[in-house]
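Enquirer:
2 protein chains.
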Amino acid sequence: MKGIRRLAEHLDISIGTVSRALNGKPDVNEETRRRVLEAAEHLGYVANQSGRALRKGSTGVIGFMMQTGREITGQGDIFFMSVFDGVQTVLARHKLDLVALLCSSEEDPDDYLKRMVARGFADGIILSATRRHDARLEFLARHSIPFITLGRSLTDVGQPWIDLDFEGMAEMSIERLVRGGHSRIGFVWPHGDLNLGYVFIERCRIVLARHGLTLAEDCIFRATPNEAGGYAVARQIKDSGEPPTAIILVNETLVTGLYHGLEEVGLRPGRDIAIIGRQSPQARFLSPSLTGFELSLRDLGIALAESLLSTMPAYGDLYPQVVRRKLWPMSLIDGDSG
Amino acid sequence: MKGIRRLAEHLDISIGTVSRALNGKPDVNEETRRRVLEAAEHLGYVANQSGRALRKGSTGVIGFMMQTGREITGQGDIFFMSVFDGVQTVLARHKLDLVALLCSSEEDPDDYLKRMVARGFADGIILSATRRHDARLEFLARHSIPFITLGRSLTDVGQPWIDLDFEGMAEMSIERLVRGGHSRIGFVWPHGDLNLGYVFIERCRIVLARHGLTLAEDCIFRATPNEAGGYAVARQIKDSGEPPTAIILVNETLVTGLYHGLEEVGLRPGRDIAIIGRQSPQARFLSPSLTGFELSLRDLGIALAESLLSTMPAYGDLYPQVVRRKLWPMSLIDGDSG
DNA sequence: AATAGGATCGTAAACGTTTACGGAAACCGG
DNA sequence: CCGGTTTCCGTAAACGTTTACGATCCTATT
Numbered sequence: 001m002k003g004i005r006r007l008a009e010h011l012d013i014s015i016g017t018v019s020r021a022l023n024g025k026p027d028v029n030e031e032t033r034r035r036v037l038e039a040a041e042h043l044g045y046v047a048n049q050s051g052r053a054l055r056k057g058s059t060g061v062i063g064f065m066m067q068t069g070r071e072i073t074g075q076g077d078i079f080f081m082s083v084f085d086g087v088q089t090v091l092a093r094h095k096l097d098l099v100a101l102l103c104s105s106e107e108d109p110d111d112y113l114k115r116m117v118a119r120g121f122a123d124g125i126i127l128s129a130t131r132r133h134d135a136r137l138e139f140l141a142r143h144s145i146p147f148i149t150l151g152r153s154l155t156d157v158g159q160p161w162i163d164l165d166f167e168g169m170a171e172m173s174i175e176r177l178v179r180g181g182h183s184r185i186g187f188v189w190p191h192g193d194l195n196l197g198y199v200f201i202e203r204c205r206i207v208l209a210r211h212g213l214t215l216a217e218d219c220i221f222r223a224t225p226n227e228a229g230g231y232a233v234a235r236q237i238k239d240s241g242e243p244p245t246a247i248i249l250v251n252e253t254l255v256t257g258l259y260h261g262l263e264e265v266g267l268r269p270g271r272d273i274a275i276i277g278r279q280s281p282q283a284r285f286l287s288p289s290l291t292g293f294e295l296s297l298r299d300l301g302i303a304l305a306e307s308l309l310s311t312m313p314a315y316g317d318l319y320p321q322v323v324r325r326k327l328w329p330m331s332l333i334d335g336d337s338g
Numbered sequence: 001m002k003g004i005r006r007l008a009e010h011l012d013i014s015i016g017t018v019s020r021a022l023n024g025k026p027d028v029n030e031e032t033r034r035r036v037l038e039a040a041e042h043l044g045y046v047a048n049q050s051g052r053a054l055r056k057g058s059t060g061v062i063g064f065m066m067q068t069g070r071e072i073t074g075q076g077d078i079f080f081m082s083v084f085d086g087v088q089t090v091l092a093r094h095k096l097d098l099v100a101l102l103c104s105s106e107e108d109p110d111d112y113l114k115r116m117v118a119r120g121f122a123d124g125i126i127l128s129a130t131r132r133h134d135a136r137l138e139f140l141a142r143h144s145i146p147f148i149t150l151g152r153s154l155t156d157v158g159q160p161w162i163d164l165d166f167e168g169m170a171e172m173s174i175e176r177l178v179r180g181g182h183s184r185i186g187f188v189w190p191h192g193d194l195n196l197g198y199v200f201i202e203r204c205r206i207v208l209a210r211h212g213l214t215l216a217e218d219c220i221f222r223a224t225p226n227e228a229g230g231y232a233v234a235r236q237i238k239d240s241g242e243p244p245t246a247i248i249l250v251n252e253t254l255v256t257g258l259y260h261g262l263e264e265v266g267l268r269p270g271r272d273i274a275i276i277g278r279q280s281p282q283a284r285f286l287s288p289s290l291t292g293f294e295l296s297l298r299d300l301g302i303a304l305a306e307s308l309l310s311t312m313p314a315y316g317d318l319y320p321q322v323v324r325r326k327l328w329p330m331s332l333i334d335g336d337s338g
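Chains as they are written, first to last, in my numbering: chain A, 1 to 338; chain B, 1 to 338.
(1) Enumerate in chain order the residues of its own chain whose CB-to-CB distance from Phe200 of chain A is below 6 Å, with the five nearest sequence positions on each side excluded.
(2) Taking only runs of the beta strand (DSSP E) that begin and end inside the stretch 47 to 98 of chain A, which ones reach a length of at least 3 residues, in chain order?
(3) Beta-carbon within less than 7 Å of Ser19 of chain B's beta-carbon, same chain only, minus the 5 sequence neighbours each way: which residues are those?
(4) Please list, in chain order, the chain A residues whose beta carbon lies closer than 8 Å to that of Gln49 of chain B.
(5) Secondary structure at Arg333 of chain A, three-state DSSP: helix, strand or coil?
(6) So, Val83 of chain B versus Leu300 of chain B, is the Cβ gap smaller than 8 Å?
(7) Out of curiosity, what's the CA-to-CA distance linking Met172 of chain B and Thr253 of chain A?
(8) Could you name the residues of the stretch 204 to 234 of chain A whose beta carbon sits closer than 9 Å to any beta carbon of chain B, in the order they occur along the chain?
(9) Quick check on Ala135 of chain B - is its C-beta less than 8 Å from some C-beta in chain A?
(10) Hey, would you say Val265 of chain A sits closer than 8 Å to Gly230 of chain A, going by beta carbons?
(11) Touch check for the stretch 45 to 59 of chain A and the stretch 263 to 279 of chain A: three-plus C-beta pairs under 8 Å?
(12) Per DSSP, what are the beta-bridge partners of Cys103 of chain B in this structure?
(13) Does the Cβ-Cβ distance between Gly277 of chain A and Leu267 of chain A come in under 8 Å?
(14) Indicate whether the contact test is met: 3 or more Cβ pairs, each with one atom in the stretch 178 to 187 of chain A and one in the stretch 213 to 220 of chain A, closer than 8 Å.
(15) Residues in its own chain within less than 8 Å of Ala283 of chain A by CB, not counting five upstream and five downstream?
(16) Would you call the CB atoms of Ala135 of chain A and Gln159 of chain A closer than 8 Å?
(17) Answer yes if the stretch 204 to 213 of chain A comes into contact with the stretch 238 to 246 of chain A, meaning at least three C-beta pairs across the two stretches below 8 Å, and no otherwise.
(18) Who are Asp163 of chain B's beta bridge partners in DSSP?
(19) Is the distance from the Cβ of Leu102 of chain B to the Cβ of Ile62 of chain B below 8 Å?
(20) Give me, in chain order, the residues of the same chain whose beta-carbon lies closer than 8 Å to that of Glu306 of chain B; leave out the 5 immediate sequence neighbours on both sides.
(21) Please list, in chain order, all residues of the same chain as His143 of chain A whose beta carbon is under 7 Å from its beta carbon, the five residues on each side excluded.
(22) Any beta-carbon of chain B closer than 8 Å to the one on Ser104 of chain A?
(23) Cβ of Arg122 of chain B within 8 Å of Cβ of Met66 of chain B?
(24) Measuring straight from C-alpha to C-alpha, what distance separates Ala8 of chain B and Asp108 of chain A?
(25) The stretch 256 to 282 of chain B: which residues have C-beta closer than 8 Å to a C-beta of chain A, in chain order?
(26) What first and last residue would you give for the beta strand (DSSP E) that runs through Thr149 of chain B?
(27) Please work out which residues of its chain come closer than 8 Å, Cβ to Cβ, to Ser331 of chain A, disregarding the five sequence neighbours upstream and downstream, and give them in chain order.
(28) Rounding to the nearest angstrom, what Cα-Cα distance links Glu202 of chain B and Arg222 of chain B in this structure?
(29) Looking at His133 of chain B and Leu154 of chain B, is the spacing between their C-beta atoms short of 8 Å?
(30) Among A:Ser287, A:Asn48 and A:His10, whose alpha-carbon lies nearest the alpha-carbon of Ala58 of chain B?
(31) Can you tell me whether Ile220 of chain A is helix, strand or coil according to DSSP?
(32) Taking the alpha-carbon of Met1 of chain B as reference, which of B:Glu38, B:Asn226 and B:Tyr45 has the nearest alpha-carbon?
(33) Please tell me whether Gly44 of chain B has its Cβ less than 8 Å away from any Cβ of chain A.
(34) What number of angstroms, rounded off, separates the C-alpha of Arg179 of chain B from the C-alpha of Gly168 of chain B?
(35) Return the chain-ordered list of same chain residues with a C-beta closer than 6 Å to the C-beta of Asp193 of chain B, the five sequence neighbours on each side being excluded.
(36) Within a Cβ cutoff of 6 Å, which residues of the same chain sit near Gln279 of chain B, ignoring the five residues on either side of it in sequence?
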C-alpha cells in the first residue's frame with residue numbers, strides 16, 4: 001500500500017477526502033483536515049507528481065530553458081543564479097517549483113523544447129538565449145503553452161518578454177563616447193544568432209548618425225562570448241588597419257579576457273582605448289576600473305516570473321497590473337576605462 | 001483525441017501495438033514499426049511524461065540538485081555548465097534527460113530534496129554542495145533512490161561519490177610552499193558546512209606536521225565563497241597580527257576579489273605573499289599569473305554520470321568496470337603567484 | 001492434413017491522483 | 001414534526017501510458 005491510499009487507510013478515511021483535505025478544498029471538516037495534514041507530515045507523504053499531473057493536466061513546475069556549454073549562451077551561471085533567485089521568490093508564493101531545462105550543446109534547441117513540451121514537463125516556460133529568429137516561440141504559441149522570453153526576437157507571437165534595455169545602453173554609451181571625442185567606435189558582437197547583438201548595433205548606428213558619424217564595418221569584432229573570446233578580440237583590434245579608439249561590449253563575460261589581451265598588445269583601457277561594458281562580480285575588480293552598465297538580476301527574475309504568471313490561466317488574475325513586455329533598465333557606473 | 005490514441009487511430013492500429021513499436025519491443029512487425037515511427041515523427045508525438053512515469057515508475061530524467069544564490073554553493077561561472085555538458089553526453093546515450101533541481105536559498109535543502117523525491121521527479125540524482133553531515137544522503141538511501149554526490153560527506157551510506165582530490169591539492173601546495181621557505185601558511189575556508197574545507201585543512205595539518213610545522217589558527221580565514229569574500233579576506237590578512245606569508249584557496253571564486261583586495265592593502269601576490277588557488281577561465285587573466293590547480297570539468301561530468309548509471313538497476317550492467325568512488329585528480333599549473 | 005510453434009496484434013488492467021456526483025446525516029425555520 | 005438546506009464524506013471515473021495475457025493467423029514439420 002503506497003501513496004495516498006496508505007494515508008487514507010491509516011486514518012480510516014476515504015482517499016477522496018484525504019485528497020480534498022490536502023488540496024484545501026472547502027467541503028471537508030476542519031478537524032479531519034487537521035488530522036490528515038498531521039498524518040501526512042508524520043508519514044512524509046507528498047503527492048506523486050505523475051499521478052497528479054496526469055489527472056490535473058498541470059505539473060506545478062516552471063521550466064527555465066538554458067543551454068549548456070558556455071560558447072552559446074554567453075552568460076555564466078553567475079548571471080542565471082541570481083535571476084533564478086528572483087524567479088523563485090515569486091514562484092514560491094504559489095507553491096510552484098523551478099527547474100532548469102538543460103539543453104545540451106549537442107542537441108538542437110528547437111527539438112529539445114518540443115520534446116520537453118510534448119512530455120508535459122512544465123506548466124510554463126522561461127526561454128533564455130532568444131535568437132533573432134526563434135522557432136521555439138512559434139511552437140509554444142501554437143501549443144498555447146504559457147511562456148516568456150528573456151530577450152526579444154523578431155519572431156513575435158504576442159508573447160510577453162523582458163529584455164535588457166540595449167537601446168538605452170547604446171544611447172548612453174555612444175553619447176558618452178562621442179562627447180569624449182571618439183569618432184571611431186568599435187563593437188564586439190557575440191557569435192551566434194542571439195538577437196541582442198542586432199538590437200544593440202542598430203541603435204548604435206542611429207545614434208552615431210545623429211552626430212554625423214558612421215559605424216565602421218571593420219570595427220565590428222565577432223567573438224565567442226567568454227573570456228577567451230575577449231582575449232582574441234584584443235589582437236584583432238591591434239591588427240586592424242585603423243583601430244577604434246573605443247570599444248563597447250554588450251556581454252559581461254568578455255571583459256576580463258579583453259583587458260588581459262589589451263595589456264599584452266600594449267593598450268591600456270581608459271588611456272589608449274576606451275572600454276564600456278557590463279558590470280559583473282568579476283568586473284568589480286578590474287584595473288583600471290570598468291565603465292559599465294549595471295542591473296539588478298534578482299529583480300529581473302522577479303519581473304520575469306510575475307509576467308509569466310500573468311499569462312497563465314490559473315494565476316493571471318493575481319497579477320493584473322503587471323507589464324507584459326519591458327525593457328529592463330540598466331544604469332551606467334562610472335569607471336576609469338572609458 | 002490526443003496522445004497515443006490519436007496516433008493509433010490515425011494508423012488504424014491498437015494503442016498497445018503503437019506503444020510497443022515506439023518502445024522497441026520485439027513482438028511487432030518491422031513494417032508496422034516503421035509506419036508507427038514515421039507517423040510519430042510526422043505528428044510530432046512524444047509520449048506524455050506523466051502517463052509513462054505513472055505506469056513505468058520511472059521518468060527518464062536525472063536531476064542535478066544545486067542551490068541558487070551564490071553565497072552557498074561557492075562554485076561560480078563555468079563550473080556547472082561544463083560539468084553538465086559532460087553528464088549529458090553520457091545520458092544522451094540512454095535517452096535520459098538532465099534537469100537542474102534548483103533549491104532556492106530560502107528553502108531548506110533537505111526539505112526540498114524530500115519534496116522532489118516524493119514527487120517522483122527523477123530516476124536518479126546528482127547532489128552537489130555536499131555538506132559535512134548531510135541528511136540528504138540518508139534520505140535517498142532509505143528510499144533507495146539511485147544517486148551520487150559531487151563531494152564526499154561524513155555521512156556515508158555506501159553511495160558512490162566523486163570528489164576533487166583535495167588531499168592531493170593539500171600535499172602538493174604545502175610541499176611546494178614549505179620548499180619555498182614558507183612556514184606560516186594561511187588558508188581561506190568557505191563559509192558553510194561544505195565538507196571540502198574540512199578535508200583540505202585536515203590534510204594540510206598532516207603535511208605540515210611532517211615538516212615539524214603547525215597550522216596557525218589565526219591564519220584560517222572564513223569567507224563567503226565569491227569575489228566579495230575574497231576581497232574581504234585581504235583586509236583580514238593585513239589586519240592580523242602576524243600575517244601569513246602564503247595563502248591557499250580551495251575555491252576558485254575568491255581569487256579575483258582577493259587579488260584586488262591585496263593590491264589595495266599593498267601586498268603583491270608572489271612577491272609579498274604567495275597565493276595558490278584553483279584555475280578557472282577568469283583566473284587565466286590574473287596578473288601576476290595564478291599558481292593553481294586545474295581539472296577537466298567535462299570529464300568530471302562524464303565520470304559522474306557513468307558512476308551514477310552503474311548504480312541504477314536498468315543501466316548497471318552497462319557500466320560494470322566503472323569506479324564508484326573516485327578522487328578526481330587536479331594538476332598544478334605554475335604561475336607567478338606562489 | 002493435422003499439429004506445434006512462432007509471429008503479430010488486440011484487450012484490458014494497472015499506475016496514483018483529482019474531482020464530479022450523489023448520498024447520509026445534521027441542522028434550521030416554520 | 002416536516003421540508004429544505006448545509007455539511008461532510010464515499011464512490012467511481014478519468015488522465016495517458018505500458019505490459020501481461022490471450023487470441024489469431026501463418027509457416028513448417030511430421
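Note that beta-carbon positions come from the ideal geometry of N, C-alpha and C, so glycine has one too.
Expert: With the structure as the only source:
(1) Taking the first sequence and counting its residues from 1, one reaches residue 200 of chain A at position 200. Here the set comprises Phe166, Ala170 and Val250.
(2) 61 to 67
(3) As a working note, residue 19 of chain B is residue 19 in the second sequence. Here the set comprises Ile4.
(4) The count along the second sequence starts at 1 and reaches residue 49 of chain B at position 49. Those within 8 Å of Gln49 of chain B in chain A are Ser50, Ala53, Arg119, Gly120 and Phe121.
(5) Residue mapping note: residue 333 of chain A aligns to position 333 of the first sequence, counting from 1. In the sequence under discussion, the amino acid at residue 333 of chain A is Ile, which differs from the Arg named in the question. It is a strand residue.
(6) Looking up residue 83 of chain B in the second sequence gives position 83. Looking up residue 300 of chain B in the second sequence gives position 300. Cβ distance < 8 Å, so Val83 of chain B and Leu300 of chain B count as in contact.
(7) Here residue 172 of chain B corresponds to residue number 172 of the second sequence, with the count starting at 1. Here residue 253 of chain A corresponds to residue number 253 of the first sequence, with the count starting at 1. The alpha-carbon atoms of Met172 of chain B and Thr253 of chain A are separated by roughly 31 Å.
(8) If the cut-off is 9 Å between Cβ atoms, the stretch 204 to 234 of chain A has Asn226, Glu227, Ala228, Gly230 and Tyr231 near chain B.
(9) What you label residue 135 of chain B is simply residue 135 of the second sequence in a count that begins at 1. Closer than 8 Å: no.
(10) Sequence index remark: in the first sequence, residue 265 of chain A carries index 265 (1-based). Sequence index remark: in the first sequence, residue 230 of chain A carries index 230 (1-based). No.
(11) no
(12) The residue labelled residue 103 of chain B in the question sits at position 103 within the second sequence. Paired residues: B:Gln67.
(13) In the first sequence, the residue the question calls residue 277 of chain A occupies position 277. In the first sequence, the residue the question calls residue 267 of chain A occupies position 267. Between Gly277 of chain A and Leu267 of chain A, the C-beta spacing is not below 8 Å.
(14) The stretch 178 to 187 of chain A is in contact with the stretch 213 to 220 of chain A.
(15) One-based indexing of the first sequence puts residue 283 of chain A at position 283. Exclusion of the five residues before and after Ala283 of chain A leaves Glu252, Val255, Thr256, Gly277, Leu290 and Gly292 as the residues of its chain whose Cβ lies within less than 8 Å of its Cβ.
(16) Residue 135 of chain A sits at position 135 when you count from the first residue of the first sequence. Residue 159 of chain A sits at position 159 when you count from the first residue of the first sequence. For Ala135 of chain A and Gln159 of chain A, no; Cβs fall outside 8 Å.
(17) no
(18) Indexing the second sequence from 1 puts residue 163 of chain B at position 163. Its beta-bridge partners are B:Leu327.
(19) Position 102 of the second sequence, counting from 1, holds the residue named residue 102 of chain B. Position 62 of the second sequence, counting from 1, holds the residue named residue 62 of chain B. No, the pair does not count as a contact, with Cβ atoms beyond the cut-off.
(20) Taking the first residue of the second sequence as 1, we reach residue 306 of chain B at position 306. If the five residues before and after Glu306 of chain B are omitted, its C-beta is found closer than 8 Å to the C-beta atoms of Val90, Tyr319 and Val322, all from its own chain and listed in chain order.
(21) Position 143 of the first sequence holds residue 143 of chain A. Cβ neighbours of His143 of chain A beyond the five flanking positions: Val117.
(22) Your numbering for residue 104 of chain A matches position 104 in the first sequence. Taking Cβ atoms only, chain B reaches closer than 8 Å to Ser104 of chain A, which makes this a yes.
(23) Taking the second sequence and counting its residues from 1, one reaches residue 122 of chain B at position 122. Taking the second sequence and counting its residues from 1, one reaches residue 66 of chain B at position 66. First, the amino acid is wrong: residue 122 of chain B is Ala here, not Arg. Not in contact: Ala122 of chain B and Met66 of chain B (Cβ atoms no closer than 8 Å).
(24) On the second sequence, position 8 is the one that residue 8 of chain B refers to. On the first sequence, position 108 is the one that residue 108 of chain A refers to. Going by the C-alpha atoms only, they are around 28 Å apart.
(25) Thr256, Gly257, Tyr259, His260, Glu263, Pro281 and Gln282
(26) Numbered from its first residue, the second sequence carries residue 149 of chain B at position 149. Its beta strand (DSSP E) spans residues Phe147 to Leu150.
(27) Walking along the first sequence from the start, residue 331 of chain A turns up at place 331. The residues are Phe293, Glu294 and Leu295.
(28) Locating residue 202 of chain B in the second sequence gives position 202, counting from the first residue. Locating residue 222 of chain B in the second sequence gives position 222, counting from the first residue. So the alpha carbons of these two residues sit roughly 16 Å apart.
(29) The count along the second sequence starts at 1 and reaches residue 154 of chain B at position 154. The count along the second sequence starts at 1 and reaches residue 133 of chain B at position 133. In this structure, His133 of chain B lies closer than 8 Å to Leu154 of chain B by Cβ.
(30) Here the question's residue 58 of chain B lines up with position 58 in the second sequence. With the sequence shown as reference, residue 58 of chain B is identified as Ser, and Ala is not the correct amino acid for it. The candidate whose alpha carbon is nearest that of Ser58 of chain B is A:Asn48.
(31) Indexing the first sequence from 1 puts residue 220 of chain A at position 220. Strand at Ile220 of chain A.
(32) In the second sequence, residue 1 of chain B corresponds to position 1, counting from 1. Per the Cα distances, B:Tyr45.
(33) What you label residue 44 of chain B is simply residue 44 of the second sequence in a count that begins at 1. Closer than 8 Å: yes.
(34) One-based indexing of the second sequence puts residue 179 of chain B at position 179. One-based indexing of the second sequence puts residue 168 of chain B at position 168. Taking the straight line joining both Cα atoms gives about 16 Å.
(35) Counting from 1 along the second sequence, the entry for residue 193 of chain B is found at position 193. Here the set comprises Arg131 and Arg132.
(36) Indexing the second sequence from 1 puts residue 279 of chain B at position 279. Sequence-distant Cβ neighbours of Gln279 of chain B in its own chain, meaning closer than 6 Å and more than five residues away, are Gly292, Glu294 and Ile333.
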